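Here's the structure, in structure tokens; my notes come after.
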Amino acid sequence: MSDRVRMTGWALLLLIFAAVPAFISSARWIDFLELTLFVAVLGQGWNILGGYGGQYSFGNAVFFGTGAYIQALLQYKLGIGPWAAMWFAVAGTVVVGAFIGYLSFRYGLRGSYFALITLAFSEAFLVLSRSLKSLTEGGRGVQLPLNQDPAQALAAFQFNFSDPFLRSYGFYYTILIILIVACALTWWMERSRFGAQLVAVRENEEAAEALGISAFRVKMGAICLAAAISAMAGIYYVQKFLYIEPGIAYGTGKSVEALFAPIIGGLGTVAGPLLGSFFIHGIGEIAKETLGRAMGDRPGIDLILFGSILILVLAFLPRGLAGLLESVCKRIGGGRDA
Amino acid sequence: MELFGLSIPLYGWQTVLGSAISGVFLGSIYALVALGLTLIYGVLHIINFAHGALLMLAMYGVYFLWRYFGIDPYLAMLVIVPAGFFFGYGLQRYVIGWASHGKDEIILLVTLGIAIVIENGALFFFTATERSVRVPYDLDGIDLGVTYAVYPELAALAGSLLITGGLWLFMTRTDTGKAIRAVARERQGARLVGINVDHIFAVTFGIGVACVAAAASLLVPTYPVHPQIGSLFVLIAFTVVVLGGMGSFVGALIGGLLIGVTEQLGRLYLGESLGLITVSLIFILVLLFRPNGLFGQKTGQGSS
């Protein structure tokens, strides 16, 4: 029953998202939606490892950045097409995820130590991408050539010179499809044996081990899946902006953005990252329009709010907005039954 | 920072020694920032992600005292250190303790939230403009033969030694210090013998922030103040704390000096930008192979 309600809800939501071009034409609002869905994808990547696995990463930028850099460099240096580069971007990032995971989990780093080592790896990648100029073009960044031939728009995965519909909505649908893939993967994981083992490891690693679950293997699986999802966000970013540089790729900004959405939305739930992303960016947008504008368009107001909301959610809503929604639904449902 | 001007291509022993000496000065600054962090970790067992943001806030405090009241940055310590203590006390008792329900992972995220609020608050109210304090003596110093040390660098080195010594005395000689060590060792037991654990947690956090405020006074004459200045130090401070053993003051001092020297030598041999990789590498290697650090106790419960 509750499952059927949930599926209907998802189907309805999908329908609304797919039909967005029918009722939203303002480029500004499409940009807002794209940003929100992009952060939800980053958040879903964090949620797999942090929400379901209980391993709080403070350096998920390393996955986003590596995906973005591979996607950009394969096109820029080797002239490989974007649709082929994509697979290498995801696979390469999974290798990086496996490498970081192997070192961290093999040596049993948990809690604060895991947070610190992920932070250290993203910092190391930041320094390397700035320094290895012959490989990454250094701090200047990688600028991909703009495709100006409308006939090649799809092949080039660039919509700036395509027909009006794709020009306005091409990247919106790109990030929507990526989010659907990310949520489907998470949904599948939640129901699988692997997902159940991951949650068991989060709740009590020793007990899970005693039941014959290999915590190491389960966490490795989670970090690889998290890397793959975050890499997809990187691919979208590079194709949309045709540019990547070390600060955007590996700066702490993306790592922080990735953890806001799932924590506020609801840890370890499929819908949490999307819910959280909509909530904070909705509020951020309103704050920028009102308070920010009144103060002369100064930056920072949205992040002040995000930080405060994070603290308040941690204090009052341990299960995030999704948990709140669920208990409200239950209360209404319970009332009907009585 | 082009403070030390060591881009001489001849790597004779003078160059290397000069580089190592400036590494010691740089390292003493890292040690200063790391001292408060290691104290907080030793007692509360949490990584305070807001540490860099608090450093930045204290640096703004020192800057404004100088700008509007003409107070010398070193004298400003008399105001900024007590202010830091009370701010830290309140932060732990009424925000971190309140919001985290005592769960370690949640504390981590709460301090991250505080860091984001403070950093962007500074960006919003003070803007991204770099502000510098000019003191009449900031370029005077002593010629050490292989390098030149300005007084602010010497003051930072002396300050880090004094603060380490002072903290050690405080922790071993005073009742509050003993209570802090008791709480660090055994929370439940401390509570049973009548120690107010929540109060001690807040006092510890307050002292940690007071340390970072003292560091701010010593940093302002050499570093410009802007909202991002804290994040420049915080990652290195984490490295220092882990290297020295979480909770160990002497470890933080030696760890800071080691990191400073390594960074300077790394820059000398690998170049300005790639040289920084040495710090990240040390961080990763220590976390993997010696998570209790060089001087931390095996139990991971180190105090002083």
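Keeping their order, the protein sequence lines are chains A and B.
Under our numbering, the residues of the first sequence are numbered 20 to 357, in order.
Under our numbering, the residues of the second sequence are numbered 1234 to 1537, in order.
Using N, Cα and C, we set each Cβ at its ideal position, and we do this for glycine too.
Every value quoted in this text rests on a predicted model; they were computed, and no experiment measured them.
For a contact meaning CB atoms closer than 9 Å, what does residue 1357/B contact in chain A? 311, 314, 317, 318, 319, 320, 322 and 323
Indicate whether at least one CB of chain B lies closer than 8 Å to the CB of residue 298/A. no
For residue 150/A, decide whether its Cβ has a neighbour in chain B, counting only Cβ atoms nearer than 8 Å. yes
Whole runs of the alpha helix (DSSP H) within the stretch 1264-1320 of chain B, excluding any shorter than 4 residues: 1284-1302
Do residue 1476/B and residue 1493/B have their CB atoms nearer than 8 Å? no
Return the CA-CA distance between residue 219/A and residue 1426/B, expressed in angstroms with no decimal places. 37 Å
Unbroken stretches of the beta strand (DSSP E), 3 residues or longer, contained in the stretch 1370-1441 of chain B: 1374-1376 and 1381-1383
Would you say residue 1438/B and residue 1324/B are within 8 Å of each other, going by their C-beta atoms? yes
In angstroms, rounded to a whole number, what distance separates the CA positions of residue 223/A and residue 1348/B? 30 Å
Beta-carbon neighbours of residue 1337/B, restricted to chain A and to distances below 8 Å: 130 and 131
Where residue 1364/B falls: helix, strand or coil (DSSP): strand
Beta carbons nearer than 7 Å to chain B: which residues of the stretch 141-166 of chain A have them? 142, 143, 146, 147, 149 and 150
Skipping 5 residues on each side, what residues in its chain have a beta carbon closer than 6 Å to that of residue 1309/B? 1295, 1298 and 1450
Determine which residues of the stretch 1347-1381 of chain B have a Cβ less than 9 Å from any Cβ of chain A, and write them out in chain order. 1347, 1348, 1349, 1350, 1351, 1352, 1353, 1354, 1355, 1356, 1357, 1358, 1360 and 1361
Please report how far the alpha carbon of residue 325/A lies from the alpha carbon of residue 205/A, in whole angstroms. 25 Å
Taking residue 249/A as the reference, give the member of 43/A, 41/A and 105/A with the closest Cα. 105/A
Using a Cβ-Cβ cut-off of 8 Å, state whether residue 1299/B counts as contacting chain A. no
With 16 other CB atoms within 10 Å as the buried threshold, where does residue 352/A fall? exposed
Against chain B, does residue 330/A count as a neighbour if the rule is that its beta carbon must be under 8 Å from one of theirs? yes
Measuring straight from C-alpha to C-alpha, what distance separates residue 267/A and residue 1405/B? 47 Å
Please compile the residues from chain A whose C-beta is within a distance smaller than 7 Å of the C-beta of residue 1516/B. 139
C-beta neighbour in chain A for residue 1471/B, strict 8 Å: yes
Between which two residues does the alpha helix (DSSP H) holding residue 50/A run? 46-65
Indicate the three-state DSSP secondary structure (helix, strand or coil) for residue 356/A in the structure shown. Annotation note: pLDDT 46 at residue 356/A (below 50); position unreliable, coordinate value reported separately. Of the three classes helix, strand and coil, the one that applies to residue 356/A here is helix, per DSSP.
8 Å Cβ cutoff, residue 1266/B in contact with chain A: no
Pull out every residue of the stretch 266-281 of chain A whose Cβ sits closer than 8 Å to any Cβ of chain B, in chain order. 271, 275 and 278
Helix or strand or just coil, what does DSSP make of residue 262/A? strand
How many whole angstroms separate the CB atoms of residue 15/A and residue 1419/B, which I take to be in contact at a CB cut-off of 8 Å? The first residue shown for chain A is 20 and the last is 357, placing residue 15/A beyond what the model contains.
Does the CB of residue 326/A have a neighbour CB from chain B at under 8 Å? yes
Are the Cβ atoms of residue 319/A and residue 1356/B separated by less than 8 Å? yes
At a CB-CB cut-off below 7 Å, which residues of chain B make contact with residue 334/A? 1331 and 1332
Applying the 10 Å Cβ sphere with the 16-neighbour rule, what's the burial state of residue 1402/B? exposed
Using a C-beta cutoff of 8 Å, does residue 1509/B count as contacting chain A? yes
Please confirm if residue 204/A has its CB atom under 8 Å from at least one CB of chain B. no
Can you pull out the residues from the stretch 1260-1294 of chain B whose beta carbon lies closer than 9 Å to at least one beta carbon of chain A? 1274, 1278, 1279, 1280 and 1282
Coil, strand or helix - residue 94/A by DSSP: helix
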